[in-house]
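Engineer: For reference, the structure I am asking about is given below.
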Amino acid sequence: MTQYSKEYLKEDERLDDLERNGYKIIQNPHKFCFGMDAVLLSGFAKAKKGERVIDLGTGTGIIPILMEAKTEASHLSGLEIQEESADMARRSVALNHLNEKIDIIVGDIKNASEIFGKSSAEVVTSNPPYMIDCHGIKNPQEPKAIARHEILCSLDDVVREAAKILCPGGRFYMVHRPFRLADIFRTLDRYHLEPKRMRLVHSFIEKEPVMVLIEAVRGGRPRINIEKPLIIFNSPGVYSEEIKRDYGF
């Protein structure tokens, strides 16, 4: 057993190398592990020097940790409702000696603006639950179900609270599913977040998109830039050059 295992890991947990600044993250494959969507969002989101970042629904803390490695943000916070995930996130932060830069808070996204305060950050990120239909879920309290389905929060909750937390002109970054785009744009408009950038993500160039990355600005003027599609694989099991170059896969 390594020194990391003795000090930081609990039963069934593992350490994964993030290929950034030597950082590692604690995960439990029996519960929920971060996916490509979180990694892509951390690369799509931008934080300038001195800006404050809040990640809504941070899970095990993957987005704050990667954004700390990639940006000059002054401070990053992760909000997570599941204590077990938040505990793993806190231990990952400590493992990477980032306690002064990142804090993990247990709380409900629906109350995020009360927890952090209104107009308290320049950047808000979120990899929210994608699915509306919860039919057939065996255990709605199971971590994977909560992460993937709108059980504990909805798209409206995430966007509403992001808009309240953001300073005027602040930026909201989200990864979601393309089939929800109409709902996404309606919800952003409801809370005066103007879409400014959008990028579709495809597993293969000939396939329909599987993810959408969006940047919206609080109180921004109407004008959106549609960026070139991001292709994950050149062929089955072979990552594209962009994915290998920019994301370390």
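Just so we're aligned: the sequence shown equals residues 628 to 876 in the working numbering. We put the CB at the ideal spot given by N, CA and C, even for glycine.
Span of the alpha helix (DSSP H) holding residue 668?
Structural biologist: One-based indexing of the sequence shown puts residue 668 at position 41. Where residue 668 is concerned, the enclosing alpha helix (DSSP H) stretches over 663-671.
Engineer: With respect to the beta strand (DSSP E) encompassing residue 823, which residues constitute its N-terminal and C-terminal limits?
Structural biologist: Indexing the sequence shown from 1 puts residue 823 at position 196. That run of the beta strand (DSSP E) goes 820-829.
Engineer: For the alpha helix (DSSP H) containing residue 885, list its first residue and its last residue.
Structural biologist: Here the chain comprises residues numbered 628 to 876, so residue 885 is not present and cannot be evaluated.
Engineer: On the three-state DSSP scale, how would you describe residue 748?
Structural biologist: For the purposes of this step, residue 748 is identified with residue 121 of the sequence shown, where counting begins at 1. If DSSP states are grouped into helix, strand and coil, residue 748 belongs with the strands.
Engineer: Have a look at residue 860 and residue 672 and give me their C-alpha separation to the nearest angstrom.
Structural biologist: Position 233 of the sequence shown, counted from the first residue, corresponds to residue 860. Position 45 of the sequence shown, counted from the first residue, corresponds to residue 672. Spanning the two alpha carbons is a distance of roughly 22 Å.
Engineer: Note down, in chain order, each residue of its chain lying with its Cβ closer than 7 Å to the Cβ of residue 730, except the 5 sequence neighbours on either side.
Structural biologist: Within the sequence shown, numbered from 1, the residue matching residue 730 stands at position 103. Same-chain partners within the cutoff: 704.
Engineer: Which residues in the same chain have their Cβ closer than 7 Å to the Cβ of residue 784, if we skip the five residues on either side of it in sequence?
Structural biologist: Indexing the sequence shown from 1 puts residue 784 at position 157. Hits under 7 Å: 736, 737.
Engineer: How big is the Cα-Cα spacing for residue 780 and residue 869?
Structural biologist: Working through the sequence shown from its first residue, we reach residue 780 at position 153. Working through the sequence shown from its first residue, we reach residue 869 at position 242. Rounded to whole angstroms, residue 780 to residue 869 spans 33 Å at the Cα level.
Engineer: DSSP three-state call for residue 866: helix, strand or coil?
Structural biologist: For the purposes of this step, residue 866 is taken as residue 239 along the sequence shown, with counting starting at 1. Of the three classes helix, strand and coil, the one that applies to residue 866 here is strand, per DSSP.
Engineer: DSSP three-state call for residue 708: helix, strand or coil?
Structural biologist: In the sequence shown, counting from the first residue as 1, residue 708 sits at position 81. In this structure, residue 708 counts as coil in the three-state DSSP scheme.
Engineer: Among residues of its own chain, excluding the 5 on either side of residue 827, which ones have a beta-carbon nearer than 7 Å to its beta-carbon?
Structural biologist: Mapped onto the sequence shown, residue 827 falls at position 200. Excluding positions up to five away in sequence, the list reads 805, 836, 839, 856.
Engineer: For residue 817 versus residue 786, is the C-beta distance shorter than 9 Å?
Structural biologist: Within the sequence shown, the letter at position 190 stands for residue 817. Within the sequence shown, the letter at position 159 stands for residue 786. Closer than 9 Å, so yes.
Engineer: Identify, in the order they occur along the chain, each residue of the same chain with its Cβ nearer than 8 Å to the Cβ of residue 640, setting aside the five sequence neighbours on each side.
Structural biologist: Translated into positions along the sequence shown, residue 640 becomes position 13. Correct list, in chain order: 653, 654, 655, 715.
Engineer: From residue 810 to residue 803, what distance separates their C-alpha atoms?
Structural biologist: Sequence index remark: in the sequence shown, residue 810 carries index 183 (1-based). Sequence index remark: in the sequence shown, residue 803 carries index 176 (1-based). Cα to Cα, the separation comes out at about 11 Å.
Engineer: Report the residue ranges of all beta strand (DSSP E) runs contained in full by the stretch 827-852; include only those spanning at least 3 residues, in chain order.
Structural biologist: 836-845
Engineer: When you compare the CB positions of residue 800 and residue 753, do they come within less than 9 Å of one another, or not?
Structural biologist: Against the sequence shown, residue 800 aligns to sequence position 173. Against the sequence shown, residue 753 aligns to sequence position 126. A contact, by the Cβ cut-off of 9 Å.
Engineer: Are residue 797 and residue 821 closer than 9 Å when you measure CB to CB?
Structural biologist: Along the sequence shown, read from residue 1 onward, the residue named residue 797 stands at position 170. Along the sequence shown, read from residue 1 onward, the residue named residue 821 stands at position 194. In this structure, residue 821 does not lie closer than 9 Å to residue 797 by Cβ.
Engineer: For residue 639, which of helix, strand or coil comes out of DSSP?
Structural biologist: Taking the first residue of the sequence shown as position 1, residue 639 is located at position 12. It is coil, neither helix nor strand.
Engineer: Taking 6 Å as the limit between beta carbons, can you name the residues of its chain near residue 634, skipping five residues before and five after?
Structural biologist: Here residue 634 refers to the residue found at position 7 of the sequence shown. Around residue 634: no qualifying Cβ.
Engineer: Go to residue 793, then tell me how far its beta strand (DSSP E) extends in each direction, as first and last residue.
Structural biologist: In the sequence shown, counting from the first residue as 1, residue 793 sits at position 166. Counting along the chain, the beta strand (DSSP E) containing residue 793 begins and ends at 793-803.
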